[in-house]
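Printed below as a string of structure tokens:
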């Protein structure tokens, strides 16, 4: 029994934090809002191996697993990374899980090399992130999983409050040639992976919001003292920090379980839903308190806080709303299949 | 990350489970605030002692089980699963004992530790006072040196088990002229010393068990001081640290409480109510968060790490979680929630109301949620301290 990151995973986190804070400062997130997909940032991520973190070494990746990805995505969340690392990684994991050797060979080396941008669409999900930039779309459609090339898709762009999301609704003609699998267990694992990846990113976003707020309230003075010395402020940040710290281990465990369990394992699914609920809730808490602690300055376009506030809100509700994940958990609790025992 | 147990750990779990299945009393023991309850729980503690299970977390050289944290967690889980009785001498085994082990002399260890393990001595805690609750360092009970003794005058309060305890571990003010924190001494007080008077306090849910303890010229030998005179504050903080390190395996209790919510919803005919289902699922998620947090804490401690002020996060999380679980239960019961457990139309389990109100107390004892938030914000997040009013 060991619920902790390995030394290698800690090094990955530290390396990613250093690299991303250097290469992806808030100014670069802002640029992506105006100019769209940032191919140079994408190449840089490929060069350091981040795009191929879960791609097997034979296809040019690092060959790491779901937990390693979760560690990396937390760091991506901390910088509000404006490119679809989450979606591309989940697409890669899903190709590995459900694709034929030919399909893997066709796409995975390009993903690891940064030549392919991939994205995902869950069952019932009409909005697809980074759809205009994607070369490959892994979509749950017509009861199955499909790997669809961009030129077979018709997009309707849907501008969003976080411009770097680059959302679109996608209509597509699926066929036997696009099919990955019809196995419901693998469809379930696809959705579980997206939920866990979102949870890991949300933990990073929330952690950043707490950190920025702590720094701000320690130096902002009113009534002759730092506002961070007021309990009304302190309690908000204590609660937000608590929520983040108690979401992280559950997210790690869910990532680990989704990776090592059989596809569709109900215990792993329950853990994935729990992680998404916990991380979304932590993010919502941090989001609310961060803006309150910043006050008026946080409500300006100039202040960088908005990039995390908006990304956080978007991801909180994407890849399964907390309510939808709770409904799934409740079904399990009330039918007593044992996975939530 | 590894969620599996070793073969040895599986064996240990099986051994504990078998032993508990064979030895756990089948009938519910009388409550520990009655003489009959104390007697019955003593018998149970003796059974545990004879099997070597009374203090798994103590080092072997002091009579404990010398168990690692994973084993302690396994034992805690199985103990709760078996529905075994509450631990009678929790304050001795969890707080006083580890304090004596860390700060006591060999003589003091010999004097107190064996009788804690066997439950021949029962212990109570003398920290809180009427004017020293959250502000513990404001305590006023005086201890004046007189020859080989200290003479105690003052009052403690919220003292559970004091009616049956024969020892109290107490914080007293030994030097009224020194600073708040530098003038406190940690001392062991025999409860049969002349000059000690108890006044019982009935709790909000109707149970006795608490008392005020008054000291009038109570003579206690200076050899009962733990650590140095005037260094009692740091000893006491270590004592409270032992308390905050426990709780491994407690997720089992909370998971059962959530399973009870599911049953309660069925009984109340609201199992299909989406609001009820949403709330119960939210509680289940929180229990999973607590469980994984505790496993991570155990992993860190087992690797030689320590927990400092982060312990406040554990206390804040579980006590708020517990309160929410029972609030959800009340919502499920709706207008029937106010019925006494034995009312003809009550849907609640026996003891439900006691547990509901107890969950409200959890936010207050061992440091209120507000005190924990102060600690988290100032000592974990490093926010500036609240300016203090200096009292007289």
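Chains as they are written, first to last, in my numbering: chain H, 1 to 341; chain X, 342 to 733. Note that beta-carbon positions come from the ideal geometry of N, C-alpha and C, so glycine has one too.
- Cβ neighbours of residue 511 of chain X within its own chain (closer than 6 Å, five residues either side excluded): 467, 528 and 530.
- Counted as a single uninterrupted DSSP element, the alpha helix (DSSP H) harbouring residue 453 of chain X occupies residues 447 to 459.
- Nearest neighbour of residue 167 of chain H by Cα position, chosen from H/125, H/201, H/204 and H/206, turns out to be H/125.
- Just measuring C-alpha positions, the residue of X/356, X/443 and X/406 sitting nearest residue 567 of chain X is X/443.
- Between residue 120 of chain H and residue 138 of chain H, the CB-CB gap stays under 7 Å.
- The beta-carbon distance between residue 481 of chain X and residue 493 of chain X, rounded to whole angstroms, is 11 Å. This is too long to meet the 8 Å contact definition.
- Taking all protein chains shown into account, residue 312 of chain H has 16 or more neighbouring C-beta atoms within 10 Å of its C-beta and is therefore buried.
- Of all residues in the stretch 712 to 730 of chain X, only 713, 714, 715, 716, 717, 718, 719, 721, 722, 723, 724, 725, 726, 727 and 728 place a beta-carbon less than 9 Å from a beta-carbon of chain H.
- The beta carbon of residue 109 of chain H is closer than 7 Å to those of 59 and 60 in its chain, skipping five residues each way along the sequence.
- Rounded to the nearest angstrom, the Cβ distance from residue 192 of chain H to residue 269 of chain H is 5 Å, consistent with a contact under 8 Å.
- If the five residues before and after residue 681 of chain X are omitted, its C-beta is found closer than 8 Å to the C-beta atoms of 687 and 694, all from its own chain and listed in chain order.
- With respect to the 7 Å criterion, residue 464 of chain X and residue 506 of chain X are classified as neighbours on the basis of their beta carbons.
- Residue pairing by DSSP puts residue 128 of chain H in a beta bridge opposite H/168.
- Residue pairing for residue 186 of chain H: DSSP places it in no beta bridge.
- Between the stretch 597 to 606 of chain X and the stretch 669 to 685 of chain X, the count of C-beta pairs closer than 8 Å reaches three or more; the two stretches touch.
- Among the residues facing chain X, residue 205 of chain H is not included, as its CB has no counterpart in that chain under 7 Å away.
- Looking only at H/205, H/236 and H/113, the smallest Cα-Cα distance to residue 81 of chain H is reached by H/205.
- Here residue 566 of chain X carries a strand assignment [DSSP, helix/strand/coil].
- In the DSSP assignment, residue 520 of chain X falls outside any beta strand (DSSP E) and carries neither an H nor an E.
- Here residue 692 of chain X has 682 as same chain residues with Cβ atoms under 7 Å from its own Cβ, once five neighbours each way along the sequence are excluded.
- Interface residue (Cβ-Cβ distance to chain X less than 7 Å): residue 319 of chain H is not classified as such.
- Under the 7 Å criterion on CB atoms, residue 532 of chain X is classed as non-interfacial with respect to chain H.
- Taking the Cα positions, residue 428 of chain X is about 11 Å away from residue 421 of chain X.
- For residue 472 of chain X, the secondary structure class from DSSP, reduced to helix, strand or coil, is coil.
- Under the DSSP assignment, residue 113 of chain H falls in the alpha helix (DSSP H) whose first and last residues are 101 to 113.
- Apart from the 5 residues on each side of it in sequence, residue 392 of chain X sits with its Cβ closer than 8 Å to the Cβ of 360 and 364 in its chain, given in chain order.
- The beta carbon of residue 42 of chain H lies closer than 8 Å to those of 51, 83, 114 and 117 in the same chain, with the five residues before and after it left out.
- In this structure, the alpha-carbon of residue 264 of chain H lies about 15 Å from that of residue 122 of chain H.
- With at least 16 other beta carbons inside 10 angstroms of its own, residue 71 of chain H counts as buried.
- Under a criterion of Cβ atoms nearer than 9 Å, no residue of chain H is adjacent to residue 576 of chain X; the nearest Cβ is some 27 Å distant.
- From the beta-carbon of residue 2 of chain H, the residues of chain X found nearer than 7 Å are 342, 343 and 640.
- For a Cβ distance threshold of 7 Å, nothing in chain H lies close to residue 589 of chain X: the least Cβ distance comes to about 11 Å.
- Between the C-alpha atoms of residue 570 of chain X and residue 525 of chain X there is a straight-line separation of about 7 Å.
- Cβ atoms of residue 214 of chain H and residue 226 of chain H stay farther apart than 8 Å, at about 11 Å.
- Interface with chain H (7 Å Cβ-Cβ cutoff): residue 597 of chain X is excluded.
- Neighbours of residue 509 of chain X in chain H, taken as residues whose beta carbon is under 7 Å from its own, are absent, since the nearest beta carbon is some 33 Å off.
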